[in-house]
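Engineer: Take this structure first; my questions come after.
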Amino acid sequence: MEKKDIIQSFKDSLFTGLIALALFGPIVGLRTVSKGEGLFITPQWGVVFLLVGLCILGRFLININSARRTEFKIFSTLSSKFSSITEDKAKHFAITGILFAVVFPFLPFTDRYFMDVAIMILTYIMLGWGLNIVVGLAGLLDLGYVAFYAVGAYSYALIATTFGWSFWICLPLAGVFAAFFGILLGFPVLRLRGDYLAIVTLGFGEIIRIILINWYEVTNGPDGITGIPRPSFFGLPFKRSPDEGETSFHLFFNLEYSTMHRIVFLYYLILVLALITNYFTLKIRKLPVGRAWEALREDEIACKSLGVNPTNTKLTAFAIGAMFGGFAGSFFATRQAFISPESFTFIESAIIVAIVVLGGMGSQTGVVLASIFLIGITEMFRDLEQFRMIAFGGAMVLIMVFKPKGILANRKPTILMHGDKK
Amino acid sequence: MSNLLSVENLTMKFGGLTAIDDLSFDAQNNQITSIIGPNGAGKTTVFNCLTGFYKPTNGQMFLHKEYSKISLRKYTDFKIAYVAKVARTFQNIRLFPAMSVLENLLVAQHNELMVASGYSLFGLLNLKSYRDKEQLAVDKAKYWLDIIGLTHRADDNAGDLPYGDQRKLEIVRAMCIEPRLLCLDEPAAGLNPKESAELNKLLKFIKTEKQTGILLIEHDMSVVMGISDHVVVLNYGKKIFEGTAEQTKNSKEVIEAYLGVDE
Chain L
421 MEKKDIIQSF KDSLFTGLIA LALFGPIVGL RTVSKGEGLF ITPQWGVVFL LVGLCILGRF
481 LININSARRT EFKIFSTLSS KFSSITEDKA KHFAITGILF AVVFPFLPFT DRYFMDVAIM
541 ILTYIMLGWG LNIVVGLAGL LDLGYVAFYA VGAYSYALIA TTFGWSFWIC LPLAGVFAAF
601 FGILLGFPVL RLRGDYLAIV TLGFGEIIRI ILINWYEVTN GPDGITGIPR PSFFGLPFKR
661 SPDEGETSFH LFFNLEYSTM HRIVFLYYLI LVLALITNYF TLKIRKLPVG RAWEALREDE
721 IACKSLGVNP TNTKLTAFAI GAMFGGFAGS FFATRQAFIS PESFTFIESA IIVAIVVLGG
781 MGSQTGVVLA SIFLIGITEM FRDLEQFRMI AFGGAMVLIM VFKPKGILAN RKPTILMHGD
841 KK
Chain P
10 MSNLLSVENL TMKFGGLTAI DDLSFDAQNN QITSIIGPNG AGKTTVFNCL TGFYKPTNGQ
70 MFLHKEYSKI SLRKYTDFKI AYVAKVARTF QNIRLFPAMS VLENLLVAQH NELMVASGYS
130 LFGLLNLKSY RDKEQLAVDK AKYWLDIIGL THRADDNAGD LPYGDQRKLE IVRAMCIEPR
190 LLCLDEPAAG LNPKESAELN KLLKFIKTEK QTGILLIEHD MSVVMGISDH VVVLNYGKKI
250 FEGTAEQTKN SKEVIEAYLG VDE
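Chains L and P supply the protein sequences, listed in that same order. Everything in the first sequence is counted per the numbering used here, starting at 421 for the first residue and increasing by one. Everything in the second sequence is counted per the numbering used here, starting at 10 for the first residue and increasing by one.
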């Protein structure tokens with residue numbers, strides 16, 4: 421490394437500092453505080469200088485590192501070790517993970533907060549697995565996946581509040597409705613690919629949300645739907661004092677009443693739903709239709725030349741992906757007991773796509789790791805209020821820098837001729 | 010030997026450009042028919058019309074079955090391969106690079122496997138009837154891999170194979186749909202002499218052992234002259250000559266088209 425290089429990289433990092441100053445100066449430096457009758461500006465130049473200094477230092481280190489033309493050894497060994505662990509012991513890893521998930525509610529440190537976060541992560545894992553069929557396997561970039569989540573949630577909420585049917589009847593119905601919307605979206609976008617497809621699906625997601633806001637007579641508009649029935653344990657509700665002629669869960673099992681019963685039940689419910697999604701995806705991937713999805717992702721023209729019907733293949737991918745989104749949506753509705761269009765904004769779609777892409781397209785375990793990493797880190801920094809989105813962004817950047825193809829980017833063939841060599 | 014394909018007065022216009030102009034020719038069963046011509050003569054356009062990627066402006070294409078004939082114009086898109094059983098390969102190889110060699114060959118048998126899996130239902134239930142059918146499909150794939158000597162690489166990604174092997178794999182993938190007519194678009198492009206010789210052997214095998222007619226676009230004259238039973242020469246979308254390989258070699262029109270006329 422020459423002296424000239426060092427001076428060059430130093431100049432470059434100073435320039436970076438200048439850009440950082442221009443950005444952080446007004447955004448962080450000038451803080452508005454409302455005091456009494458008006459807004460006042462409180463400058464916080466100390467924080468700005470700290471941030472700018474960090475940028476300069478970081479840029480300088482990156483420059484020097486790239487000039488050496490070698491990677492930081494720690495990172496490369498870490499990442500290769502990580503992939504070797506997960507590849508070789510994928511099965512053990514999965515079984516341990518599922519076992520841990522099963523005993524999780526009974527671990528000593530598990531409290532209400534942990535359970536809520538775990539339920540949220542599992543919901544995202546399920547959504548990620550559902551979207552993985554569309555994005556990871558069939559290669560159709562769907563930026564409006566939250567639309568199916570919304571359709572599932574609203575179908576469940578409307579059916580349950582109008583007809584009073586039980587969760588176990590509404591759940592499949594919500595899935596069917598969502599699948600129907602998946603096909604509805606599928607038809608106009610059949611001819612589109614790549615960026616064009618992404619834009620149209622993004623628009624579809626917004627259309628659904630805006631319909632939910634404006635169709636006041638049915639969806640109750642921005643006020644949302646309240647009083648969505650909670651799920652019952654095979655007919656036993658989780659109530660402190662059940663209605664006449666009803667037995668509630670804690671009375672039936674002779675337990676002390678606790679709100680945790682319902683939370684734990686919800687936890688197992690989403691765990692089972694997510695595992696069903698996973699099992700289904702792993703199975704269908706090895707069937708002709710799954711192979712056709714992947715072939716379509718690889719080369720659509722070659723598919724046509726082999727007699728694979730691209731229309732049907734794409735529509736099944738959209739429908740099945742949407743169906744799982746719908747299941748997750750009805751779970752969301754029954755958990756919250758209240759839904760409004762605000763829960764189904766574009767950022768939700770973006771997070772789910774981020775989970776699938778960062779997990780490694782098509783990798784089921786990758787989705788789990790990415791969900792835990794992204795949602796977990798965001799939750800860990802909840803105390804930082806609005807800055808926690810920085811943690812989310814930071815987590816994404818970290819994965820992109822060190823694992824540009826996703827956390828687990830290895831694809832295993834769906835069928836082997838010579839058996840597993842290992 | 011019987012008539013397999015007859016192309017009658019085929020015309021394809023792109024705006025003002027006439028890519029194929031009133032082309033008629035026949036191809037026979039169990040024969041290799043080569044279409045040759047200088048660059049831009051319209052050879053690949055003929056293929057694209059035959060395999061449903063383009064809809065021709067004019068003309069008819071018939072595929073003869075034992076007692077009937079079907080018009081290829083009626084089928085578009087994937088139905089050419091699915092219903093009419095016309096398979097093709099591409100000038101720039103179009104494998105599924107991130108899928109294994111075996112998976113590539115199974116996708117080619119998609120439609121039979123789809124029915125066998127009860128449109129996924131039997132497959133999800135893991136019924137024996139489906140597993141048996143899948144095993145048959147794997148056996149068929151193995152049969153073809155044995156022929157091109159790639160069985161040991163069946164579980165590797167198709168994109169990781171050497172170029173010559175990818176060419177051969179694309180051909181046997183097309184053969185897995187059990188086509189009646191196989192259209193090969195420059196299969197020898199980029200192959201070294203040894204690989205070309207292997208290709209010749211493979212094509213001769215398909216011609217003699219399978220009930221398949223082969224239509225071949227090729228620039229490599231060692232391939233064309235070595236294996237063609239019949240040669241059609243195109244220039245500017247028109248047929249300028251038709252005959253055996255030997256006749257073509259000595260044809261004045263063909264030499265003029267390739268080398269120009271002595272002024």
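Note that the Cβ used here is the ideal one computed from N, Cα and C, for glycine as well. In this text the structure is predicted, and so the values were computed from the model without any measurement.
Beta-carbon of L:K823 versus every beta-carbon of chain P: anything under 9 Å?
Structural biologist: If you number the first sequence from 1, residue 823 of chain L lands on position 403. No, because no Cβ of chain P sits closer than 9 Å to the Cβ of L:K823.
Engineer: Of all the options L:G614, L:A573 and L:G473, which has the alpha carbon lying nearest to the alpha carbon of L:L441?
Structural biologist: Along the first sequence, one-based indexing puts residue 441 of chain L at 21. Nearest of L:G614, L:A573 and L:G473 to L:L441, Cα basis: L:G473.
Engineer: Any chance the region 11 to 30 of chain P sits against the region 54 to 63 of chain P, with 3 or more Cβ pairs inside 8 Å?
Structural biologist: Short answer: they touch.
Engineer: Please state if the CB of L:G572 and the CB of L:A712 are separated by a distance shorter than 9 Å.
Structural biologist: Taking the first sequence and counting its residues from 1, the one referred to as residue 712 of chain L is at position 292. Taking the first sequence and counting its residues from 1, the one referred to as residue 572 of chain L is at position 152. It is not a contact, given that the beta carbons lie outside the stated cut-off.
Engineer: So that I know if they touch, is there some Cβ in chain P lying closer than 9 Å to that of L:T697?
Structural biologist: To locate residue 697 of chain L, count along the first sequence from 1; it is residue 277. No - not a single Cβ of chain P is within 9 Å of the one on L:T697.
Engineer: Taking 9 Å as the CB-CB cut-off, is P:G132 touching chain L?
Structural biologist: Here the question's residue 132 of chain P lines up with position 123 in the second sequence. It does; some Cβ of chain L falls within 9 Å.
Engineer: Are the C-beta of P:Y76 and some C-beta of chain L separated by less than 9 Å?
Structural biologist: Looking up residue 76 of chain P in the second sequence gives position 67. No, because no Cβ of chain L sits closer than 9 Å to the Cβ of P:Y76.
Engineer: Where P:K78 and P:F71 are concerned, what is the direct C-alpha to C-alpha distance, given to the nearest angstrom?
Structural biologist: For the purposes of this step, residue 78 of chain P is taken as the residue at position 69 of the second sequence. For the purposes of this step, residue 71 of chain P is taken as the residue at position 62 of the second sequence. Spanning the two alpha carbons is a distance of roughly 6 Å.
Engineer: Buried or exposed for P:G269, going by 16 or more other Cβ atoms inside 10 Å?
Structural biologist: Reading the second sequence from its first residue, position 260 is the one you call residue 269 of chain P. That one is exposed.
Engineer: Just to make sure I have the definition right: I need the residues of chain L whose C-beta is within less than 7 Å of the C-beta of P:T60. Which are they?
Structural biologist: Translated into positions along the second sequence, residue 60 of chain P becomes position 51. Within 7 Å Cβ-Cβ: S725.
Engineer: I want to verify the contact list: residues of chain L whose CB lies under 7 Å from the CB of P:K64, in sequence order.
Structural biologist: As a first step, residue 64 of chain P is located in the second sequence; it is residue number 55 there, counting from the start. Per Cβ cutoff of 7 Å: no residues; P:K64 is ~14 Å from chain L at best.
Engineer: Could you confirm whether any beta carbon from chain P is found closer than 9 Å to the beta carbon of L:A739?
Structural biologist: Looking up residue 739 of chain L in the first sequence gives position 319. Chain P, which has no Cβ nearer than 9 Å to the Cβ of L:A739, makes this no.
Engineer: At the level of alpha carbons, what is the spacing between L:Y576 and L:G746?
Structural biologist: Mapped onto the first sequence, residue 576 of chain L falls at position 156. Mapped onto the first sequence, residue 746 of chain L falls at position 326. If you take the alpha carbons of L:Y576 and L:G746, they lie about 9 Å apart.
Engineer: Please confirm whether L:F624 and L:A567 have their CB atoms less than 9 Å apart.
Structural biologist: Here residue 624 of chain L is taken as the residue at index 204 of the first sequence, counted from 1. Here residue 567 of chain L is taken as the residue at index 147 of the first sequence, counted from 1. The answer is yes: Cβ separation under 9 Å.
Engineer: Quick one: what's got a C-beta closer than 6 Å to P:I157's C-beta in the same chain, skipping five residues either side?
Structural biologist: Mapped onto the second sequence, residue 157 of chain P falls at position 148. Contacts found: K177 and V181.
Engineer: Write down the C-beta distance between P:A107 and L:R831 rounded to the nearest angstrom, noting that I regard them as a contact closer than 8 Å.
Structural biologist: Position 98 of the second sequence, counting from 1, holds the residue named residue 107 of chain P. Position 411 of the first sequence, counting from 1, holds the residue named residue 831 of chain L. That belief holds up - the Cβ atoms of P:A107 and L:R831 are roughly 6 Å apart, short of 8 Å.
Engineer: So, using beta-carbon positions, are L:G644 and L:S760 closer together than 9 Å?
Structural biologist: Numbered from 1 along the first sequence, position 224 holds the residue referred to as residue 644 of chain L. Numbered from 1 along the first sequence, position 340 holds the residue referred to as residue 760 of chain L. The answer is yes: Cβ separation under 9 Å.
Engineer: For L:D531, count neighbouring C-beta atoms within 10 Å of its own C-beta (all shown protein chains included) and say buried if the count is 16 or more, exposed if not.
Structural biologist: Counting from 1 along the first sequence, the entry for residue 531 of chain L is found at position 111. Exposed.
Engineer: List, in chain order, every chain L residue whose beta-carbon is nearer than 7 Å to that of P:N38.
Structural biologist: What you label residue 38 of chain P is simply residue 29 of the second sequence in a count that begins at 1. In chain order: nothing, as chain L lies at least about 21 Å away.
Engineer: If you draw a straight line from the alpha carbon of L:L689 to that of L:V523, how long is it in whole angstroms?
Structural biologist: For the purposes of this step, residue 689 of chain L is taken as residue 269 along the first sequence, with counting starting at 1. For the purposes of this step, residue 523 of chain L is taken as residue 103 along the first sequence, with counting starting at 1. About 14 Å.
Engineer: Identify which residue in L:T701, L:K431, L:F654 and L:G559 has its Cα closest to the Cα of L:L617.
Structural biologist: In the first sequence, residue 617 of chain L corresponds to position 197, counting from 1. Out of L:T701, L:K431, L:F654 and L:G559, L:G559 has the C-alpha closest to the C-alpha of L:L617.
Engineer: Within the same chain, show all residues whose beta-carbon is closer than 7 Å to that of P:G235, passing over the 5 residues directly before and after it, in chain order.
Structural biologist: In the second sequence, the residue the question calls residue 235 of chain P occupies position 226. So the qualifying residues of the chain are N209.
Engineer: From the beta carbon of P:V181, is the nearest beta carbon of chain L less than 9 Å away?
Structural biologist: Along the second sequence, one-based indexing puts residue 181 of chain P at 172. Not one chain L Cβ lies under 9 Å of P:V181.
Engineer: Of all the options P:T27, P:T60, P:L14 and P:N39, which has the alpha carbon lying nearest to the alpha carbon of P:T217?
Structural biologist: Translated into the one-based positions of the second sequence, residue 217 of chain P becomes position 208. It is P:N39 whose Cα lies nearest to the Cα of P:T217.
Engineer: With 9 Å set as the bound, which would you pick, yes or no: does the beta-carbon of L:V728 sit closer than that to a beta-carbon of chain P?
Structural biologist: Here residue 728 of chain L refers to the residue found at position 308 when the first sequence is read from its first residue. Chain P, which has a Cβ nearer than 9 Å to the Cβ of L:V728, makes this yes.
Engineer: From P:E251 to P:N244, what does the alpha carbon distance come to, in whole angstroms?
Structural biologist: Against the second sequence, residue 251 of chain P aligns to sequence position 242. Against the second sequence, residue 244 of chain P aligns to sequence position 235. Straight-line Cα distance between these residues: approximately 12 Å.
Engineer: Going by the CB atoms, is the gap between L:L557 and L:T731 shorter than 9 Å?
Structural biologist: To locate residue 731 of chain L, count along the first sequence from 1; it is residue 311. To locate residue 557 of chain L, count along the first sequence from 1; it is residue 137. No, the Cβ-Cβ distance between L:T731 and L:L557 is not below 9 Å.
Engineer: Which chain L residues sit within Cβ distance under 7 Å of P:K151?
Structural biologist: Indexing the second sequence from 1 puts residue 151 of chain P at position 142. Correct list: M837.
Engineer: Cβ of L:P651 within 9 Å of Cβ of L:F583?
Structural biologist: Mapped onto the first sequence, residue 651 of chain L falls at position 231. Mapped onto the first sequence, residue 583 of chain L falls at position 163. Taking 9 Å as the Cβ cut-off, L:P651 and L:F583 do not qualify as a contacting pair.
Engineer: Please classify L:L716: is it buried, with 16 or more other beta-carbons within 10 angstroms of its beta-carbon, or exposed?
Structural biologist: For the purposes of this step, residue 716 of chain L is taken as residue 296 along the first sequence, with counting starting at 1. By the neighbour-count rule (16 or more Cβ atoms within 10 Å), L:L716 is buried.
Engineer: Measure from the alpha carbon of P:L133 to the alpha carbon of each residue in L:G839, L:P708, L:L593 and L:L459, then state which is nearest.
Structural biologist: As a working mapping, residue 133 of chain P is identified with position 124 in the second sequence. Nearest C-alpha to P:L133: L:P708.
Engineer: Hey, does L:P592 have any beta-carbon neighbour from chain P nearer than 9 Å?
Structural biologist: If you number the first sequence from 1, residue 592 of chain L lands on position 172. L:P592 does not count as touching chain P.
Engineer: Note down, one range per segment and in chain order, each alpha helix (DSSP H) of at least 4 residues found wholly within the region 748 to 815 of chain L.
Structural biologist: Runs found: 766 to 779 and 784 to 800.
Engineer: Less than 8 Å between the CB atoms is what I'm expecting for L:V555 and L:V773, so what's the real figure, rounded?
Structural biologist: Counted from its first residue, the first sequence places residue 555 of chain L at position 135. Counted from its first residue, the first sequence places residue 773 of chain L at position 353. With a Cβ gap of about 7 Å, L:V555 and L:V773 count as contacting.
Engineer: Is there a Cβ from chain P that is less than 9 Å from the Cβ of L:I603?
Structural biologist: Looking up residue 603 of chain L in the first sequence gives position 183. Output row for L:I603: interface = no.
Engineer: Can you pull the chain L neighbours of P:S4, defined as C-beta to C-beta under 7 Å?
Structural biologist: Because residue 4 of chain P is not part of the residues shown, which for chain P are 10 to 272, the question remains open.
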